[in-house]
Amino acid sequence: MYFSLPKEYRESTNEDLKERIAAAKERLGNKLVILAHHYQRLEVVGFGDYIGDSYGLSKIAAEQKDVETIVFCGVHFMAESADILTDESKNVYLPNPLAGCPMADMAEMADVMEAWEYLEEFGGDKTFMPISYMNTAAGLKAFTGRHGGLICTSSNADAAYKWAFERRKKLFFFPDEHLGYNSGIKYGLKPEEMVIWDFSRDGGGLTTEQIDRARVILWKGHCHVHTNFTAEHVREVREKYPGVLVVVHPECPREVVELADAAGSTRFITEYCAKAPSGATIAIGTEINLINRMAHQYLDKKIFELSGQTCPVCANMYRTTINDLAYTLENLGEIKPIKVKEPVRGEALLALEKMLEVN
Ligand code: 13P
Ligand code: SF4
0 MYFSLPKEYR ESTNEDLKER IAAAKERLGN KLVILAHHYQ RLEVVGFGDY IGDSYGLSKI
60 AAEQKDVETI VFCGVHFMAE SADILTDESK NVYLPNPLAG CPMADMAEMA DVMEAWEYLE
120 EFGGDKTFMP ISYMNTAAGL KAFTGRHGGL ICTSSNADAA YKWAFERRKK LFFFPDEHLG
180 YNSGIKYGLK PEEMVIWDFS RDGGGLTTEQ IDRARVILWK GHCHVHTNFT AEHVREVREK
240 YPGVLVVVHP ECPREVVELA DAAGSTRFIT EYCAKAPSGA TIAIGTEINL INRMAHQYLD
300 KKIFELSGQT CPVCANMYRT TINDLAYTLE NLGEIKPIKV KEPVRGEALL ALEKMLEVN
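Under numbering that gives the first Met the number 0, residues 0 to 358 are what the sequence shown spells out, in order.
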């Protein structure tokens with residue numbers, strides 16, 4: 000996809016852009032709502048009517064009544080989900096159309112279909128409950144809905160596991176192997192009950208015995224931001240700052256989550272910082288924009304990034320600028336909103352509605 004912001008918006012000063020955004024918000028009044036994910040840049044978050052994690056923002060989108068325009072400052076799968084969860088009269092815009100999610104791209108429709116076809120021999124949807132992480136394209140959410148499954152986020156993954164195991168014997172979880180694995184351990188599964196489906200290999204690289212024995216088939220996918228964190232980082236930070244609190248996102252590998260004091264969604268992490276006592280030292284394993292915002296917000300606490308050396312930035316979340324936001328708000332009639340068409344929309348909605356019920 001090619002996207003180039005008109006020169007006028009590229010070259011405006013921050014001051015001018017901020018004034019224009021404020022004026023557009025004023026003009027559009029309660030017909031507009033701006034949703035901002037916790038990983039957005041500080042200046043973008045400043046314009047959010049709501050700031051949240053992917054679960055919370057979907058819920059807010061679904062609850063909108065009189066609003067006509069939803070501007071979703073986040074990544075593509077989030078705006079797409081908001082469109083599915085709202086009625087036809089509402090238009091959802093993604094200010095920077097290039098903001099995708101590399102993890103979501105690790106589960107391609109054709110690969111997932113091939114895996115599912117293979118799993119049909121092991122009982123298909125009589126045996127396997129598909130759970131699709133929110134970070135997937137709409138077509139995969141529709142596949143999940145069609146087969147009776149649900150969408151989960153890091154906020155409701157534990158509840159999703161419980162819900163799914165109450166209904167079927169095994170789970171087919173995609174695309175984040177780490178969230179899937181961490182949720183399985185939390186649910187009480189043994190490591191050997193979870194296997195990784197490697198989509199680049201025939202039969203996922205698994206033997207029939209492995210599939211027979213497994214309770215969860217995990218897609219081989221990951222987030223490049225969260226897999227940067229290591230157990231060594233946690234050990235080092237504990238040595239350097241005795242008493243430090245370590246909080247991480249469950250997209251981090253198991254050994255990191257295991258050594259941390261707490262793990263949870265982006266909303267959980269922000270609440271963790273808010274609740275920590277004044278004077279607390281907190282090392283966070285997630286995206287840098289959230290961490291910087293927390294450090295900025297709670298000056299009475301020492302808040303910093305866990306690894307201390309890498310810069311865990313989500314380049315896709317970072318794409319959205321106030322230049323994009325100003326352009327979107329001033330050109331709503333010209334820009335194509337995100338629209339998911341039937342039958343994908345209806346099938347994906349089934350899975351997303353279950354997500355909202357199961358929390
Ligand atoms: P949350 O659901 O916790 O907001 O996370 C979304 C995400 O993309 C994390 O990398
Ligand atoms: Fe995707 Fe990772 Fe960015 Fe989240 S942080 S949007 S999972 S690439």
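Where a beta carbon is used, it is the ideal one built from N, C-alpha and C, also for glycine.
Exercise. For the segment 299 to 314 against the segment 325 to 334, are there 3 or more C-beta pairs whose distance is under 8 Å?
Worked result: Contact fails between the segment 299 to 314 and the segment 325 to 334, because fewer than three Cβ pairs, one in each stretch, are under 8 Å apart.
Problem set entry | Where the alpha helix (DSSP H) through Thr143 begins and ends | The residue labelled residue 143 in the question sits at position 144 within the sequence shown. That run of the alpha helix (DSSP H) goes Ala137 to Arg145.
Exercise. Applying the criterion that 16 or more other CB atoms from any shown protein chain within 10 Å of the CB defines a buried residue, is Arg344 buried or exposed?
Worked result: As a first step, residue 344 must be located in the sequence shown, where it is residue number 345. Per the 10 Å Cβ criterion, buried.
For this session: Compute the beta-carbon to beta-carbon distance between Ala106 and Phe173, rounded to the nearest angstrom, for a pair I have assumed lies under 8 Å.
Result: Within the sequence shown, residue 106 is the residue found at index 107, counting from 1. Within the sequence shown, residue 173 is the residue found at index 174, counting from 1. With 8 Å as the limit, Ala106 and Phe173 qualify as a contact, their Cβ atoms being about 5 Å apart.
Exercise. If you measure from each residue's Cβ to the nearest non-hydrogen atom of ligand 1, which ones come out under 5 Å, in chain order?
Worked result: The set of residues with CB atoms less than 5 Å from any heavy atom of ligand 1 reads, in chain order, Asp52, Ser53, Thr152, Ser153, Ser264 and Thr265.
Problem set entry | Alpha-carbon to alpha-carbon, Thr327 and Lys17 | Sequence index remark: in the sequence shown, residue 17 carries index 18 (1-based). Sequence index remark: in the sequence shown, residue 327 carries index 328 (1-based). Going by the C-alpha atoms only, they are around 13 Å apart.
Problem set entry | Rounded Cβ spacing between Ala259 and Val243 (contact assumed at less than 8 Å) | Along the sequence shown, read from residue 1 onward, the residue named residue 259 stands at position 260. Along the sequence shown, read from residue 1 onward, the residue named residue 243 stands at position 244. Between Val243 and Ala259 the Cβ distance is about 11 Å, and since that is not below 8 Å, they are no contact.
Problem set entry | Residues bridged to Cys151 [DSSP beta-bridge criterion] | Start at 1 with the first residue of the sequence shown, and residue 151 comes out as number 152. According to DSSP, which records beta bridges pairwise, Cys151 is partnered with Tyr132.
Exercise. CA-CA distance, Lys353 and Ile50?
Worked result: As a first step, residue 353 must be located in the sequence shown, where it is residue number 354. As a first step, residue 50 must be located in the sequence shown, where it is residue number 51. Each residue's Cα considered, the two are about 23 Å apart.
Exercise. Mind listing, in chain order, the residues whose beta carbon lies closer than 7 Å to a non-hydrogen atom of ligand 4?
Worked result: Ligand 4 is not part of the structure shown, which contains ligand 1 and ligand 2 as its ligands.
Problem set entry | Every unbroken beta strand (DSSP E) inside the segment 191 to 222 [3 residues or more] | The segment 191 to 222 contains these whole beta strand (DSSP E) runs: 193 to 196 and 215 to 218.
Problem set entry | Best match in Lys125, Ile150, Asn288 and Gly278 for proximity to Leu298 [C-alpha to C-alpha] | Counting from one through the sequence shown, the residue named residue 298 turns up at place 299. Comparing alpha-carbon positions, the option among Lys125, Ile150, Asn288 and Gly278 lying closest to Leu298 turns out to be Gly278.
Exercise. Taking C-alpha atoms, which residue in Thr68, Glu14 and Ser53 lies nearest to Met77?
Worked result: Along the sequence shown, read from residue 1 onward, the residue named residue 77 stands at position 78. When only C-alpha atoms are compared, the closest one is Ser53.
For this session: Return the bridge partner residues of Ala262 from the DSSP annotation.
Result: Translated into the one-based positions of the sequence shown, residue 262 becomes position 263. Paired residues: Val247.
For this session: Report buried or exposed for Glu176, applying the criterion of at least 16 other Cβ atoms within 10 angstroms of its Cβ.
Result: Numbered from its first residue, the sequence shown carries residue 176 at position 177. Counting the other CB atoms within 10 Å of its CB gives Glu176 a total of 16 or more, which places it among the buried residues.
Exercise. In terms of residue numbering, what span does the beta strand (DSSP E) encompassing His36 cover?
Worked result: By 1-based counting over the sequence shown, the position of residue 36 is 37. Annotation: the continuous beta strand (DSSP E) that includes His36 extends over Leu31 to His36.
Exercise. What first and last residue would you give for the alpha helix (DSSP H) that runs through Thr68?
Worked result: One-based indexing of the sequence shown puts residue 68 at position 69. Note, Thr68: premise wrong, no alpha helix (DSSP H); beta strand (DSSP E) at Thr68 to Cys72.
Exercise. Who are the near neighbours of Ala141 in its chain, counting only those whose CB is closer than 6 Å to its CB and skipping five residues on each side?
Worked result: Here residue 141 refers to the residue found at position 142 when the sequence shown is read from its first residue. Closer than 6 Å at the Cβ level, and outside the excluded window around Ala141, lie Val343, Glu346 and Ala347.
Exercise. Between the segment 121 to 130 and the segment 162 to 171, do three or more beta carbon pairs fall short of 8 Å?
Worked result: Contact between the segment 121 to 130 and the segment 162 to 171 is present, because at least three Cβ pairs lie under 8 Å.
Exercise. Where does Gly366 sit, in a helix, a strand or coil, going by DSSP?
Worked result: In the structure as shown, the chain begins at 0 and stops at 358. Residue 366 is therefore absent and cannot be evaluated.
For this session: Can you have a look at His75 and say buried or exposed, based on whether 16 or more other CB atoms are within 10 angstroms of its CB?
Result: Locating residue 75 in the sequence shown gives position 76, counting from the first residue. Counting Cβ neighbours within 10 Å, His75 comes out buried, since at least 16 surround it.
For this session: Throw me the rounded Cβ distance for the Thr152 and Ser264 pair, which I believe falls under 8 Å.
Result: Taking the first residue of the sequence shown as 1, we reach residue 152 at position 153. Taking the first residue of the sequence shown as 1, we reach residue 264 at position 265. 6 Å between Cβ atoms; contact.
Exercise. Cα separation between Leu149 and Ile83?
Worked result: The residue you call residue 149 lines up with position 150 of the sequence shown. The residue you call residue 83 lines up with position 84 of the sequence shown. Approximately 14 Å, taken between the alpha carbons.
Exercise. With a Cβ-Cβ cutoff of 9 Å, do Asn322 and Arg26 count as a contact?
Worked result: Against the sequence shown, residue 322 aligns to sequence position 323. Against the sequence shown, residue 26 aligns to sequence position 27. Result no, Cβ atoms of Asn322 and Arg26 do not sit closer than 9 Å.
Exercise. Which residue from Ala98, Val91, Ala261 and Met293 puts its Cα closest to that of Lys185?
Worked result: Here residue 185 corresponds to residue number 186 of the sequence shown, with the count starting at 1. Of Ala98, Val91, Ala261 and Met293, the residue nearest in Cα terms is Ala261.
For this session: Please specify which runs of the alpha helix (DSSP H), each continuous and at least 4 residues long, are wholly inside the segment 66 to 120, giving them in chain order.
Result: Counting only runs of 4+ residues, the alpha helix (DSSP H) found wholly inside the segment 66 to 120 occupies 75 to 84, 101 to 104 and 108 to 119, in chain order.
Exercise. Does the beta-carbon distance from Arg266 to His37 come in below 9 Å?
Worked result: In the sequence shown, counting from the first residue as 1, residue 266 sits at position 267. In the sequence shown, counting from the first residue as 1, residue 37 sits at position 38. In this structure, the beta-carbon distance from Arg266 to His37 falls below 9 Å.
Exercise. Given a threshold of 16 other Cβ atoms within 10 Å of its Cβ, counted over all protein chains shown, does His225 qualify as buried or as exposed?
Worked result: As a working note, residue 225 is residue 226 in the sequence shown. Answer is buried; the Cβ neighbour count reaches 16.
Exercise. Under a three-way DSSP split, which group does Glu304 fall into?
Worked result: Start at 1 with the first residue of the sequence shown, and residue 304 comes out as number 305. Strand, per DSSP.
Exercise. Would you say Asn134 and Met108 are within 9 Å of each other, going by their C-beta atoms?
Worked result: The residue given as residue 134 occupies position 135 in the sequence shown. The residue given as residue 108 occupies position 109 in the sequence shown. Contact: no.
For this session: Figure out for me which residue from Gln209, Val215 and Leu41 has the closest Cα to the Cα of Gly183.
Result: Numbered from 1 along the sequence shown, position 184 holds the residue referred to as residue 183. Comparing Cα-Cα distances from Gly183 to each of Gln209, Val215 and Leu41, the minimum goes to Val215.
Exercise. So, using beta-carbon positions, are Val43 and Pro336 closer together than 9 Å?
Worked result: Counting from 1 along the sequence shown, the entry for residue 43 is found at position 44. Counting from 1 along the sequence shown, the entry for residue 336 is found at position 337. Their beta carbons are not under 9 Å apart, which means Val43 does not touch Pro336 by this criterion.
For this session: Let me know the secondary structure DSSP gives Phe127 once reduced to three states.
Result: What you label residue 127 is simply residue 128 of the sequence shown in a count that begins at 1. Phe127: strand per DSSP, three-state reduction.
Problem set entry | Nearest candidate by alpha-carbon position, reference Gly147, set Asn358, Thr285, Glu356 and Ala350 | Here the question's residue 147 lines up with position 148 in the sequence shown. Answer by Cα proximity: Ala350.
Problem set entry | Endpoints, beta strand (DSSP E) assigned at Ala282 | Here the question's residue 282 lines up with position 283 in the sequence shown. Thr280 to Gly284 is the span of the beta strand (DSSP E), which, as asked, contains Ala282.
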